[in-house]
Amino acid sequence: QPVVLFLDDLQWADPASLAVITRLLLAPSSPRFLFVGSCRDDEMSENHPVWNMKETVEQTGVNTRIFELSSIDNNTVNSMIS
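Each residue of the sequence shown is one higher than the one before, counting from 9 in our numbering.
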């Protein structure tokens, strides 16, 4: 069965949590594992551990993608929920 793990606010993730995620991504038995993480990159330095994790898994051949999303203004939110 496929497994999807979504974690929000990775800018606050501790090194131990990122190590667990890295192990999951690099496990040979995880070809049907999809990890989706979100973070506020404006709150992260260039050497933040999340970027190091991304680089580590990419070096082993794991495909990664970054999707940059902009903020949603109040009018848009109001129209979405009305």
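Every residue gets a Cβ at the ideal spot worked out from N, C-alpha and C, and that includes glycine.
Nearest to D49 by CA position, among P57, I29 and Q19, is which residue? Numbered from 1 along the sequence shown, position 41 holds the residue referred to as residue 49. Cα-wise, what sits closest to D49 is Q19.
Do V58 and M52 count as a contact pair if the criterion is CB distance below 8 Å? Residue 52 sits at position 44 when you count from the first residue of the sequence shown. Residue 58 sits at position 50 when you count from the first residue of the sequence shown. Contact: yes.
Just checking my contact of V12 with L42 at CB under 8 Å: how many whole Å lie between their CB atoms? Translated into positions along the sequence shown, residue 12 becomes position 4. Translated into positions along the sequence shown, residue 42 becomes position 34. Indeed, because the Cβ distance is near 5 Å, the residues count as touching under 8 Å.
Under three-state DSSP, which class holds L77? Reading the sequence shown from its first residue, position 69 is the one you call residue 77. In the three-state reduction of the DSSP assignment, L77 falls in the coil class.
Can you tell me whether V65 is helix, strand or coil according to DSSP? Within the sequence shown, numbered from 1, the residue matching residue 65 stands at position 57. In the structure shown, V65 sits in a helix (DSSP, three-state: H, G or I).
I think D16 touches S46, with their Cβ atoms under 8 Å apart; what is that distance to the nearest whole Å? On the sequence shown, residue 16 is found 8 positions in, with the first residue counted as 1. On the sequence shown, residue 46 is found 38 positions in, with the first residue counted as 1. At roughly 5 Å, the Cβ-Cβ gap stays under 8 Å, so D16 and S46 are in contact.
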